[in-house]
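See structure below.
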Amino acid sequence: MFLLFSCGENKGSGSNTDDVPADESLPITFTAIGDVPYNEEQRLGLIDIISKHNTTTDSEFVIHVGDIKPGAIACDEEVYLDVADILKTFKVPTFIVLGDNEYNDCEDPEQGLEYWNKYFLHFNENWSFEPQITYQTERPENFSWVKNKVLFVGLNLVGSQVHDSIEWKDRLTQNGLWVKTLLEDQKNMVDAMVVFGHANIVEAGPEKFKPFTDLFRAASQSFGKPVLMVQGDGHFWIKNKPWPEQNITRLQIDGRDTAVKITVDTNLDYPFLFDRNFLN
Numbered sequence: 025m026f027l028l029f030s031c032g033e034n035k036g037s038g039s040n041t042d043d044v045p046a047d048e049s050l051p052i053t054f055t056a057i058g059d060v061p062y063n064e065e066q067r068l069g070l071i072d073i074i075s076k077h078n079t080t081t082d083s084e085f086v087i088h089v090g091d092i093k094p095g096a097i098a099c100d101e102e103v104y105l106d107v108a109d110i111l112k113t114f115k116v117p118t119f120i121v122l123g124d125n126e127y128n129d130c131e132d133p134e135q136g137l138e139y140w141n142k143y144f145l146h147f148n149e150n151w152s153f154e155p156q157i158t159y160q161t162e163r164p165e166n167f168s169w170v171k172n173k174v175l176f177v178g179l180n181l182v183g184s185q186v187h188d189s190i191e192w193k194d195r196l197t198q199n200g201l202w203v204k205t206l207l208e209d210q211k212n213m214v215d216a217m218v219v220f221g222h223a224n225i226v227e228a229g230p231e232k233f234k235p236f237t238d239l240f241r242a243a244s245q246s247f248g249k250p251v252l253m254v255q256g257d258g259h260f261w262i263k264n265k266p267w268p269e270q271n272i273t274r275l276q277i278d279g280r281d282t283a284v285k286i287t288v289d290t291n292l293d294y295p296f297l298f299d300r301n302f303l304n
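Quick note: to get the numbering used here, add 24 to the position in the sequence shown (first position is 1).
Structure representation (structure tokens):
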């Protein structure tokens with residue numbers, strides 16, 4: 025692994041952070057993990073990550089971007105319980121979004137979703153968290169909050185099989201419309217947005233994600249400020265700008281028993297900093 029920093033510079037005197045209280049322009053640091061654990065080795069590796077994290081990091085929260093098990097094994101309730109118990113040992117608030125392996129790839133997706141809701145819906149409420157969390161009415165697994173002029177959004181954005189084309193389109197459309205609404209409501213009050221979802225919507229069958237992607241891209245373009253989309257799914261690092269809207273950065277994390285520390289500093293022209301080496 026290596027350490028990657030952005031080369032952003034301080035904003036000039038025209039920044040809209042100049043006249044806000046000092047605490048509102050402070051950087052926010054968080055940890056992203058995902059696609060873990062897939063086996064006993066990764067399970068032990070995750071436990072080790074949490075142990076190190078609890079004693080060495082300044083992250084304000086953790087986000088797990090989905091896939092708590094490999095798709096090839098059964099969606100047994102014991103798996104959901106075990107991973108939930110492990111993640112609860114983080115000392116900082118921990119959020120999770122749905123992955124396809126524990127939902128869409130199950131032999132019975134509805135049963136998988138039932139188990140996920142039982143153990144992970146509003147998982148962050150196992151901790152105290154100062155910003156007020158908003159849950160989408162139509163999709164209570166989707167969440168958002170604002171802190172230090174940054175909008176954070178977590179979405180049910182899974183890949184793999186399309187079992188029900190109507191449900192699939194409705195869910196993706198609801199996701200996209202919610203992002204659009206949040207950005208319209210917060211446009212003059214935030215300087216950046218970070219979106220969490222599981223699926224690789226760029227390379228892994230982009231056509232089937234268009235109901236979301238088109239809305240997300242249009243809303244981000246209208247927003248006109250930096251947007252970071254953090255995903256799992258691919259199990260290797262990608263950091264790029266895959267669309268013509270150059271204010272959107274897409275990050276696919278390594279996954280497995282690794283973690284990346286992400287800092288959002290709205291005092292910089294490019295506000296996103298990445299450290300893949302912080303637990304070594």
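For every residue, glycine included, the Cβ atom is placed at its ideal position computed from N, Cα and C.
Within its own chain, the residues whose Cβ lies closer than 6 Å to the Cβ of THR237, once the five positions on either side in sequence are excluded, are ILE225, listed in chain order. Counting the other Cβ atoms within 10 Å of the Cβ of LYS112 gives fewer than 16, which makes it exposed.
Residue ranges of uninterrupted alpha helix (DSSP H) with 4 or more members, entirely inside the stretch 121 to 153 and ordered along the chain, are 133 to 144.
Per DSSP, reduced to three states, the secondary structure at VAL116 is coil, with no helix or strand assignment. Contact between LEU275 and PHE233 does not hold, since their C-beta atoms are separated by about 17 Å, which reaches or exceeds 8 Å.
With fewer than 16 other Cβ atoms inside 10 Å of its own Cβ, GLN156 counts as exposed.
By the Cβ test, the stretch 113 to 132 is in contact with the stretch 145 to 162, since at least three Cβ pairs between them sit closer than 8 Å.
Annotation: LYS263 is outside any alpha helix (DSSP H); the continuous beta strand (DSSP E) that includes it extends over 262 to 264.
Separation of LYS142 and ALA108 (C-alpha to C-alpha, rounded to the nearest whole angstrom) is 10 Å. Residue pairing by DSSP places LYS285 opposite THR55 and ASP299 in a beta bridge.
Distances from the CA of PHE260 to each of ILE277, LEU145, SER246 and VAL251 were compared; the closest alpha carbon is that of ILE277.
ASP257 sits close to ALA223, with the two beta carbons spaced by under 8 Å. The Cβ-Cβ distance between LYS263 and PHE298 falls below 8 Å. Along the stretch 178 to 229, the beta strand (DSSP E) occurs as fully enclosed runs of 3 or more residues at 216 to 220, listed in sequence order. With contact defined as three or more Cβ pairs closer than 8 Å, the stretch 93 to 105 and the stretch 117 to 136 are in contact. Taken through DSSP and simplified to helix, strand or coil, LEU50 comes out as coil. According to the DSSP assignment, ILE97 belongs to no alpha helix (DSSP H), since it is labelled neither H nor E.
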